[in-house]
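A.B. asks: Chains as they are written, first to last, in the numbering used here: chain A, 1 to 314; chain B, 1 to 314; chain C, 1 to 258; chain D, 1 to 258. Ideal Cβ positions, reconstructed from N, Cα and C, are used throughout, including at glycine. Being a predicted model, the structure only gives us computed values, none of them experimental.
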Amino acid sequence: MKLSVNLPRGLVLKNPIVAASGTFGFGPEYKDLVNIGDLGGVSVKGVSPEPWPGNPPPRVWETTGGLLNSIGLQNHGVEAFCAHDLPFLRDTGTAVIVNIIGHTVEEYQRVAERLAKEPGVSALEVNISCPNIKQGGMSFGHDPDQAYLVTQAVRKGSDLPMMVKLSPNVPSPAVIAEAVQSAGADMISAINTLVGLAIDKERRRPALGGTTGGLSGPAIKPIALRVVYEVAQRVKIPIIGMGGITTASDVVEFLMAGAHAVMVGTVTFQYPRRMQEIVAQLPDELLRWGFSSVQEAVGAALPSKRGGLFDALT
Amino acid sequence: MKLSVNLPRGLVLKNPIVAASGTFGFGPEYKDLVNIGDLGGVSVKGVSPEPWPGNPPPRVWETTGGLLNSIGLQNHGVEAFCAHDLPFLRDTGTAVIVNIIGHTVEEYQRVAERLAKEPGVSALEVNISCPNIKQGGMSFGHDPDQAYLVTQAVRKGSDLPMMVKLSPNVPSPAVIAEAVQSAGADMISAINTLVGLAIDKERRRPALGGTTGGLSGPAIKPIALRVVYEVAQRVKIPIIGMGGITTASDVVEFLMAGAHAVMVGTVTFQYPRRMQEIVAQLPDELLRWGFSSVQEAVGAALPSKRGGLFDALT
Amino acid sequence: MIHLLRVPIIRREEPAPGHVELWLQSPELATSTPGQFADVVTEGMLRRPISFSRIDRANHQVAMLLQVVGDGTRWLAAQRPGTMLDVMGPLGNGFLPPAPARDWCLVGGGVGIPPLYAAVQAWGTHTASRPTVILGARDQQLLLLVDEFQALGCVVEITTDNGTRGRRGTVEAPLCDWLDSHPDGQVYACGPTPMLASVARLTQGRTGIFLALEQRMGCGIGACLACVIPGYGVSGQAGYLRVCTDGPVFRSEELIFE
Amino acid sequence: MIHLLRVPIIRREEPAPGHVELWLQSPELATSTPGQFADVVTEGMLRRPISFSRIDRANHQVAMLLQVVGDGTRWLAAQRPGTMLDVMGPLGNGFLPPAPARDWCLVGGGVGIPPLYAAVQAWGTHTASRPTVILGARDQQLLLLVDEFQALGCVVEITTDNGTRGRRGTVEAPLCDWLDSHPDGQVYACGPTPMLASVARLTQGRTGIFLALEQRMGCGIGACLACVIPGYGVSGQAGYLRVCTDGPVFRSEELIFE
Ligand SMILES: Cc1cc2nc3c(=O)[nH]c(=O)nc-3n(C[C@H](O)[C@H](O)[C@H](O)COP(=O)(O)OP(=O)(O)OC[C@H]3O[C@@H](n4cnc5c(N)ncnc54)[C@H](O)[C@@H]3O)c2cc1C
Ligand SMILES: Cc1cc2nc3c(=O)[nH]c(=O)nc-3n(C[C@H](O)[C@H](O)[C@H](O)COP(=O)(O)OP(=O)(O)OC[C@H]3O[C@@H](n4cnc5c(N)ncnc54)[C@H](O)[C@@H]3O)c2cc1C
Ligand SMILES: Cc1cc2nc3c(=O)[nH]c(=O)nc-3n(C[C@H](O)[C@H](O)[C@H](O)COP(=O)(O)O)c2cc1C
Ligand SMILES: Cc1cc2nc3c(=O)[nH]c(=O)nc-3n(C[C@H](O)[C@H](O)[C@H](O)COP(=O)(O)O)c2cc1C
Ligand code: FES
Ligand code: FES
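1. Let me make sure I understand the geometry here. Which of A/146, A/192 and A/160 has the alpha-carbon closest to that of residue 180 of chain A?
2. Please name the residue or residues paired with residue 39 of chain D in a DSSP beta bridge.
3. I believe residue 129 of chain A touches residue 192 of chain A by the beta-carbon criterion, under 8 Å. Please report the beta-carbon distance rounded to the nearest angstrom.
4. If you draw a straight line from the C-alpha of residue 246 of chain C to the C-alpha of residue 223 of chain C, how long is it?
5. Find the residues of chain E that neighbour residue 216 of chain C, judging by a C-beta separation of less than 8 Å, and give them in chain order.
6. Taking 8 Å as the CB-CB limit, is residue 102 of chain A close to chain B?
7. With 16 other CB atoms within 10 Å as the buried threshold, where does residue 205 of chain B fall?
8. Taking a cut of 7 Å between CB atoms, which residues from the segment 256–270 of chain B lie near chain A?
9. Could you have a look at residue 34 of chain B and say whether DSSP puts it in helix, strand or coil?
10. Just confirm the distance between the C-beta atoms of residue 216 of chain C and residue 58 of chain B, as a whole number of angstroms; I'd bet it's less than 8 Å.
11. For residue 240 of chain C, report the span of its alpha helix (DSSP H) as first-last.
12. Can you confirm whether residue 300 of chain B, when its beta carbon is compared against all beta carbons of chain A, has any partner nearer than 8 Å?
13. Leaving out five residues on either side along the sequence, give the residues of the same chain with a beta carbon under 8 Å from the beta carbon of residue 71 of chain D.
14. Using a Cβ-Cβ cut-off of 8 Å, state whether residue 64 of chain B counts as contacting chain A.
15. Anything with a beta carbon under 7 Å from a heavy atom of ligand 6 counts; list them all in chain order.
16. Along the segment 272–290 of chain A, where does the CB come closer than 8 Å to a CB of chain D? Name the residues.
17. Report yes or no: do the segment 197–204 of chain D and the segment 224–238 of chain D share at least 3 C-beta pairs separated by less than 8 Å?
18. Using DSSP's beta-bridge definition, name the partner residues of residue 117 of chain B.
19. Taking all protein chains shown into account, decide if residue 238 of chain D is buried (16 or more other Cβ within 10 angstroms of its Cβ) or exposed.
20. Could you give the DSSP three-state label for residue 2 of chain A: helix, strand or coil?
21. Check whether the segment 208–226 of chain A and the segment 260–279 of chain B touch, using three or more Cβ-Cβ pairs below 8 Å as the test.
22. Considering only residues of the same chain and omitting the five flanking positions on each side of residue 84 of chain D, which have a CB-CB separation below 7 Å?
23. Please check if any C-beta of chain A sits within less than 8 Å of the C-beta of residue 45 of chain D.
24. Here's a check: name, in chain order, each residue in its chain whose Cβ is nearer than 8 Å to the Cβ of residue 74 of chain C, leaving out the five neighbours to either side.
25. Taking only the alpha-carbon atoms, compute the straight-line gap between residue 16 of chain C and residue 136 of chain C and give it to the nearest angstrom.
26. For the structure I just gave you, are there three or more beta carbon pairs, one from the segment 237–251 of chain B and one from the segment 212–227 of chain B, closer than 8 Å?
27. What does residue 3 of chain B touch in chain C if you count any residue whose Cβ is under 7 Å from its own?
28. What separation, rounded to the nearest whole angstrom, lies between the Cα atoms of residue 258 of chain C and residue 213 of chain C?
29. Can you list the residues of chain C that residue 194 of chain B reaches, using a CB-CB cut of under 8 Å?
30. Under a Cβ-count criterion, where at least 16 other Cβ atoms within 10 Å of its own Cβ denotes burial, should residue 62 of chain A be classed as buried or exposed?
31. State the CB to CB distance for the pair residue 96 of chain A and residue 48 of chain A, rounded to an integer number of angstroms; the pair is presumed to be in contact (CB under 8 Å).
32. Excluding five sequence neighbours on each side, which residues of the same chain lie with their C-beta closer than 6 Å to the C-beta of residue 90 of chain A?
33. Just to check my reading of the structure: residue 165 of chain A and residue 126 of chain A have Cβ atoms closer than 8 Å, yes? What is that Cβ distance to the nearest angstrom?
34. Quick check: is any heavy atom of ligand 4 less than 7 Å from the C-beta of residue 169 of chain C?
35. Could you pull out every residue in the same chain whose Cβ sits closer than 7 Å to the Cβ of residue 112 of chain B, ignoring the five residues on either side in sequence?
36. For residue 188 of chain D, which three-state DSSP category applies?
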């Protein structure tokens, strides 16, 4: 079965399974364990113009079906990334997606410009969940106007295929999606983590060093599917879906909800080879539900494909 | 150990464990199984001025650590509630909290006025997650001004102790909490469910009859704790916390995050007697973490109680 | 009276591929009426509703006949004699027995068959005529309790979608025949919703037609309003009825199928 | 080289109340250096990091000595010989052996003791002097491997917070004594962070002080940046180091304790 996915500006994934940003390091970390060339792509951990220190530990805490993290976007900056990490990934044969972050619109644009000059970058993923330090720390991803400005700046900075990654912590991520589409985004990726907190009863304080953290894992899958399903009905650009995927069956659900490809994150910590296993199982899983290609499954559960049956009683 | 909780306008709960709205029916349903008088209170399913039909089935779907529901606030209206359900609850000896809903500000006020006349109502819980049909269906709970108006109207309609129930589907529920506090709310309850979706691969459509549904259960506990923790630092009125509680240990976490009492929902479906068990275990669980009363635990993990240690490295 | 019980599995059988029958020792559950069900804790967030395939009041035993369809039924089917199950029941309304002078017919599909068997066990010998039992399945491998119905003296008619046993097709054809030859007959049906919709259509105008429905449930006791289906309430108004407490057995005239 | 392995438990012992030691058969893990660890699948979302208490290269075996503190360790401790564990390892950097001419001392607390035992096993007989082992615990019941260290010829000094065995108090007093009498001695320490902070403070200015740290981990292989602690990177700049790959064994001068 043909698994490859064609995306805007010539971005081709050999299959729809991409490692999610922040869960697969900057490239080489998993090389002993994973045949990286077998993945559709790798989205590296967020890269900023200058190094960011990240949050105090502890930085992870388990919850029912989920994982809280407060890494705080620690990274050694775009120069170090280009010098030390990118060369490895470039030679693996997977699509290299660089997740970019900044505290101001200008910072986003700077990283994008720097990466546009560097061979081996397949696409940019704009993480708009960062606090905008010029606007009182409110996240760029929580306001359509802010999201528009960041997207526009990155578009100016680079001609690379660009996806913008949505935050689920807003009433309507689809409104943000519309804004970034009109600002020139080629794709949407969704979702980033939900803001959560755990209590360390022994120390009588929030468990994470960063106080709050981002919730990922199977616990958030229903929220991720809802966001993909809503966004797919509001924008024309392709969606890379993610949030709680652990099996090929989950992947089919995201495709049916309207995603063209998916990213897989938290489960990699427990099962580093799970992404490869999913790639291997995907054809059978698609056939099981009556699809003979990835493309056929995309959006199969959307109202437009269901000929108005949508709101009928069962 | 003293378990009773004193709340504004003379509302007293004999213990901090209250049945969450929508999971304990309109009163008598669980009477064969639960000694209702042993509970701190019961919040009944949402009551509107006229009957609401609810959504088409299926209305529930399990997810990892969570439950999606799209009941759609089916209820037989405030008159039927007062005639058929309230008399039973009034005589159980538990605090009777009536969860009220409406599609317009006037509807909320009407239910509140009607209930103010009825003996046996201990408090009102204003569910502001309903779509405002006059404002294009946007939820009252997603906008501080809308939330203010609803709260003010209910306050006008009734002198009963009143809590307003926050939606977690906004970037900052604390902003909504401030708005309803200034509009006269006596308490906050938080959180309501998160909007999610499941895919029925067999039928190639969203699994729930109502398309999207509300996510509850342990999966959402970290989000609920975050909301309680943030709101507790922004308002002076007490908080009733909920979201994913299944054990006495969870209750202590919500208290430490700043809740004065809690509500317990989804777990009741599987273990109808769990609330009573939690009441029985709570004293030991509090002692285990060094608290000799409920009150002592309230807010113990908040920065104000931790003398500035808050952001220090571990 | 609904009970929260811990009851032991006392026997386990595998009557058909992918099916397991569990016998439970419980005086409380053994007071059930055929068509009532129990809600069992497995590993998920919600209990699983399962009807009784046998109700033995004398020996304080009931049985559940499970088809493994997902994680919950897989877990249940893997349990062995000696295990204690966390069971809530008996729940819902059972079937009313047939009127003494009327002929009756039972129409079952899949896991709708077991509660019908419990009904025949309870009433089989007290009625005007031996009941006719029409069983439908996709494939003969999925047919349940055929020999047991015959042993009770029922006339058993079989249909399979693929013709591997009995008539090829659905239960409609034999049911039409039976209805033609029993103008005053009563029908008891349990199975997939499309099958029940057919039964309701074919029996329109008759009385004493009982249909047992399935719906995804939350609480199992009437509190959450999850398990609804469209129908007519006591007031006669169209609205939603709860399968768990208004049903699972309904009179056909209470229900709305589209 | 890191491996993803399925390895059998071949032996299980209960050396102290609430503690279980599991022997695993694995040529790959048996190449580990003392101080390295493995990451084991239990029931939660994340693997659980556990050091090796014994490394037997000749027989291709390693052991893990677990303290039951939560769901993951409870699950692991309940596994029996024959069970296959899903293990990733060996992970992280182990201890460097002591310089041939220098005296050495090991300071351990709680589940920090097992990797020190693996170190003495590996090097005990090749060094200038028999090492001194200082073990601290809240209560004598929580002391691990005392007899085993003695059997290897170590001088064992014990402290308990409640005085139930050895000196009352922390490991600080015996460590001070040892440092006074061994001005050029090296220290290997593993245990709770406050204990390690004491060791770092008391040994300030010395070289060859190795501390093995714990931190909550995500990936275990350097990708997620979850397991950090404050320290000085290769560049000498203050920042965060990863316990899983930069450690878990650090030289004391790399670390920042406040
Ligand atoms: C009144 C009643 C009586 C029943 N009697 C029997 C019986 O005697 N034998 C038998 O094998 N099965 C019976 N069922 C169906 C049985 O409840 C489901 O097959 C079972 O719940 C599936 O659970 P699972 O975890 O294996 O499957 P999953 O598909 O993993 O279940 C996921 C969810 O779907 C629900 N669900 C799935 N299918 C159904 C269904 N058909 N009806 C209700 N909920 C469902 C589950 O409860 C759960 O919430 C009955 C259902 C009802 C409502
Ligand atoms: C390098 C290293 C080596 C270790 N060696 C041993 C050993 O030899 N024997 C032993 O008994 N224990 C050892 N530990 C500690 C062990 O990892 C924890 O006790 C265990 O993870 C607790 O899991 P749990 O599910 O039982 O507890 P829970 O408290 O339920 O665990 C919840 C979470 O906390 C994490 N966690 C809890 N305590 C610790 C801790 N101290 N360090 C890291 N993560 C923690 C768990 O991984 C999990 O994510 C080591 C830890 C590290 C980092
Ligand atoms: C430890 C960790 C670090 C993450 N770091 C980033 C990041 O740097 N940039 C980003 O856009 N998303 C980051 N994410 C979010 C993931 O890319 C993904 O959106 C989220 O985890 C949901 O997918 P999952 O449930 O499969 O993990 C991180 C997630 C985790 C668990
Ligand atoms: C089936 C169901 C129905 C609900 N109905 C209501 C409702 O009518 N009004 C309301 O304010 N909340 C309603 N809720 C939300 C709960 O009161 C509670 O806020 C939420 O379930 C989180 O708590 P839990 O995780 O303990 O269930 C409902 C929840 C469920 C599961
Ligand atoms: S399952 Fe809750 S009302 Fe029927
Ligand atoms: S645990 Fe992921 S970097 Fe150390």
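C.D. replies: The answer reads as follows:
1. A/146
2. D/49 and D/88
3. 5 Å
4. 12 Å
5. Absent from the structure is chain E; the protein chains it does hold are A, B, C and D.
6. no
7. buried
8. 256 and 257
9. coil
10. 4 Å
11. Note, residue 240 of chain C: premise wrong, no alpha helix (DSSP H); beta strand (DSSP E) at 238–242.
12. yes
13. 42, 43 and 44
14. yes
15. D/217, D/218, D/219, D/220, D/221, D/222, D/223, D/224, D/225, D/226, D/227, D/242, D/243, D/244 and D/245
16. 272 and 273
17. no
18. Beta-bridge pairing links residue 117 of chain B to no other residue.
19. exposed
20. coil
21. no
22. 6, 7 and 8
23. yes
24. 68
25. 15 Å
26. yes
27. By Cβ distance, chain C contributes nothing, its closest Cβ being about 24 Å from residue 3 of chain B, past 7 Å.
28. 15 Å
29. Neighbours of residue 194 of chain B on chain C: none; closest Cβ ~15 Å, over 8 Å.
30. buried
31. In fact, because the Cβ distance is near 17 Å, the residues do not count as touching under 8 Å.
32. 120
33. 6 Å
34. no
35. 100, 124, 154, 157 and 158
36. strand
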